[in-house]
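Participant:
Protein chains: 2
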Amino acid sequence: MNKDLIHEKLAKRVKNKMLSDELLFDVAEVFKIFGDSTRVKIIYALKLSELCVSDLAFITNSSESAISHQLRILKQAKLVKSRKEGKVVYYSLKDEHVIKLFEIGREHVEEL
Amino acid sequence: MNKDLIHEKLAKRVKNKMLSDELLFDVAEVFKIFGDSTRVKIIYALKLSELCVSDLAFITNSSESAISHQLRILKQAKLVKSRKEGKVVYYSLKDEHVIKLFEIGREHVEEL
DNA sequence: TAAATATATGAACAATTATTCAAATGAAAG
DNA sequence: CTTTCATTTGAATAATTGTTCATATATTTA
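Keeping their order, the protein sequence lines are chains F and S.
Going by my numbering, the first residue of the first sequence is number 460, and it counts up by one from there.
Going by my numbering, the first residue of the second sequence is number 460, and it counts up by one from there.
1. Can you check which of these residues, F:Val486, F:His466 and F:Val512, is closest to leucine 569 (chain S) by C-alpha distance?
2. Which residues in chain F have a C-beta closer than 7 Å to the C-beta of isoleucine 526 (chain S)? List them in chain order.
3. Under 8 Å, do valine 489 (chain F) and histidine 567 (chain S) count as touching if we go by C-beta distance?
4. Can you list the beta strand (DSSP E) stretches of 3 or more residues lying completely in the segment 486 to 559 of chain F, in chain order?
5. How far does the alpha helix (DSSP H) with leucine 469 (chain F) in it extend, from its first residue to its last?
6. Should the segment 467 to 487 of chain S be regarded as contacting the segment 500 to 514 of chain S, the criterion being three or more beta carbon pairs within less than 8 Å?
7. At a Cβ threshold of 8 Å, is serine 513 (chain F) touching chain S?
8. If you reduce the DSSP assignment to three classes, tell me which class leucine 464 (chain F) lands in.
9. Which value, in whole angstroms, describes the spacing of the CA atoms of phenylalanine 484 (chain F) and tyrosine 549 (chain S)?
10. Under 7 Å between beta-carbons, which chain F residues line up against serine 521 (chain S)? List them in chain order, please.
11. Is the beta carbon of glycine 545 (chain F) closer than 8 Å to that of lysine 491 (chain S)?
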């Protein structure tokens with residue numbers, strides 16, 4: 460426990476330059492979406508092709524229910540979009556940004 | 460539940476092109492680190508300056524214990540490094556990659 | 001050596017979350 | 001219209017995780 464600030468001027472200066480709690484919270488929220496391996500698998504598969512729920516279940520070795528739950532999360536986060544064709548729902552990535560985020564994460568891992 | 464694969468050829472082709480489970484798991488692990496607002500705050504603060512634990516506690520409005528726990532996680536993930544000077548431990552970002560990851564996440568949030 | 005200080009650590013607790021299972025939709029086909 | 005099929009949904013469960021609190025460690029100072 461500290462009685463006083465150790466580097467008062469520096470710490471206050473940095474505190475003033477901080478981004479808003481709200482923005483930093485939102486940034487964390489986006490990363491949280493990518494922070495699950497099932498979702499990462501889905502994202503990478505959709506990077507390769509538009510796919511339906513049962514395709515994704517097969518590709519990721521998960522149940523269709525699990526995939527459907529995760530797809531809902533990805534859709535709410537605006538990372539994927541879907542279109543319906545009869546009984547089948549096709550999912551794809553919303554935009555290039557999703558791929559960019561994935562690739563930067565991948566680079567980081569591969570460079571260690 | 461599906462008896463058979465709906466798009467057998469496509470699904471098998473995509474499955475063959477998938478990255479290894481291990482790599483995708485590791486990618487998720489990195490994003491998981493960024494998926495907490497306290498850690499994101501720490502990372503952004505350290506982007507501005509090298510700081511000690513109590514500075515970070517002040518800047519992020521958290522307890523020193525909480526910050527210390529999070530710094531351990533960040534250090535294990537090789538996202539931050541530290542140096543000791545007397546009683547004080549100074550933390551800083553490990554490399555530019557950490558900043559890049561943060562910035563891409565920030566861009567994504569700000570573009571919505 | 002004892003007191004003070006900065007940080008670290010471990011256990012406990014609460015909260016969040018991913019999966020499973022069972023059941024419900026919604027659409028096509030028989 | 002009944003059955004089949006693809007997907008969705010909700011509740012339950014198990015596992016993970018961030019914070020707190022108390023205590024420990026390490027370093028400096030009195």
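Every residue gets a Cβ at the ideal spot worked out from N, C-alpha and C, and that includes glycine.
Facilitator: In this structure, then:
1. Residue identity check: residue 569 (chain S) is glutamate in the sequence provided, not leucine. Closest by alpha carbon: F:Val486.
2. Near isoleucine 526 (chain S) there are no residues of chain F at all, since even the closest Cβ is about 11 Å away, more than 7 Å.
3. yes
4. 539 to 544 and 547 to 552
5. Its alpha helix (DSSP H) spans residues 467 to 476.
6. Short answer: they don't touch.
7. yes
8. coil
9. 25 Å
10. Correct list: empty, because the minimum Cβ distance to chain F is about 12 Å.
11. No; because the gap between Cβ atoms is not below 8 Å, this pair is not in contact.
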